[in-house]
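Heads up: the structure comes next, in structure tokens.
In my numbering, the protein residues as written are 258 to 543.
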């Protein structure tokens, strides 16, 4: 599977972001990529905070562009965006909001941090972020509605591999990755806008490598570049080796993921077969 990593610098100008996404798609098409991964908040981002003011419906211009770009190709695009929270508790096949405002013209109080998967001109899946970033002085839950932890995991076939989707802060929770692997994922795709700060790049790298090693899978962690975020997108092999790493600046690059290499590593290191615990959603009582 050939993947294109688009470490974009995303702005609050949604129209300008569409131009940048078109450029990333053109590069992915040039190298005949099977999969293009855009970062979290690829539709619109403000380092001071992202909320409902950046929400677009799935019928809006961002997803419409992704559908247009994939309509005549075999490429799959995975992209983070902000949409409305109308699909509270919904799984990956239930994000169907048609407007950012309700019938009375009111904007919803909170939005949803969503990753969409688009192929063949259609949205084939979506994932609403389960672990909101309420850490390191941030309060994502003030602006976003969390996804349902019991929703079906989002896994999609791409080429000869199966891709599982999570996003950003989810990377700190090994059970999120394991649940996707239990559902058949051989590659974990992690769009992110990983916050900058002391030690944050090191944590990003360690966590991506740990998720790869413990699940004997490839990890494709694609971050944003620019103010307030860390960049340093990674492609990690199932043995934890870094096959590709970008720096701080915006960049687009491509690499191949070998299905046979993942299977060989799982035979050499059968930790998934040797485990003794399963992963189930945590039910919280109020």
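Using N, Cα and C, we set each Cβ at its ideal position, and we do this for glycine too.
Residue environment: residue 524 is assigned as exposed (fewer than 16 neighbouring CB atoms within 10 Å of its CB, all protein chains considered). Rounded to the nearest whole angstrom, the CA to CA distance from residue 445 to residue 476 is 5 Å. Counting only runs of 3 or more residues that sit fully inside the region 498-525, the beta strand (DSSP E) segments are 499-502 and 508-513, in chain order. The three-state secondary structure of residue 341, taken from DSSP, is strand. Under DSSP, the beta-bridge partners assigned to residue 292 are 260 and 333. In terms of CA proximity to residue 322, 338 leads the group 497, 338 and 309. Secondary structure at residue 434: helix, using DSSP grouped into helix, strand and coil. Residue state for residue 490 is assigned as coil, using DSSP reduced to three classes.
With fewer than 16 other Cβ atoms from the protein chains shown falling within 10 Å of its own Cβ, residue 539 counts as exposed. In terms of CA proximity to residue 391, 425 leads the group 366, 417 and 425.
For residue 419, the uninterrupted beta strand (DSSP E) run begins and ends at 418-422, by DSSP. In the three-state reduction of the DSSP assignment, residue 393 falls in the coil class. Around residue 450, the same chain offers 296, 297, 298, 302, 425, 480, 481 and 486 as residues with beta carbons nearer than 7 Å, after the five sequence neighbours per side are excluded.
In this structure, the alpha-carbon of residue 438 lies about 12 Å from that of residue 413. For residue 382, DSSP records a beta bridge to 374.
Per DSSP, the continuous beta strand (DSSP E) segment holding residue 448 begins and ends at 444-448. Residue 538: not part of any alpha helix (DSSP H); DSSP gives it neither H nor E. The beta carbons of residue 447 and residue 428 sit closer together than 7 Å.
Here the region 305-312 lies against the region 364-383, with 3 or more beta-carbon pairs under 8 Å apart. When 506, 505, 484 and 478 are compared, the shortest CA-CA separation from residue 493 is found for 478. Around the beta carbon of residue 534, a 10 Å sphere encloses fewer than 16 other beta carbons of the protein chains shown; the residue is thus reported as exposed. When the alpha-carbon of residue 389 is set against those of 432, 325, 454 and 403, the nearest one is in 403.
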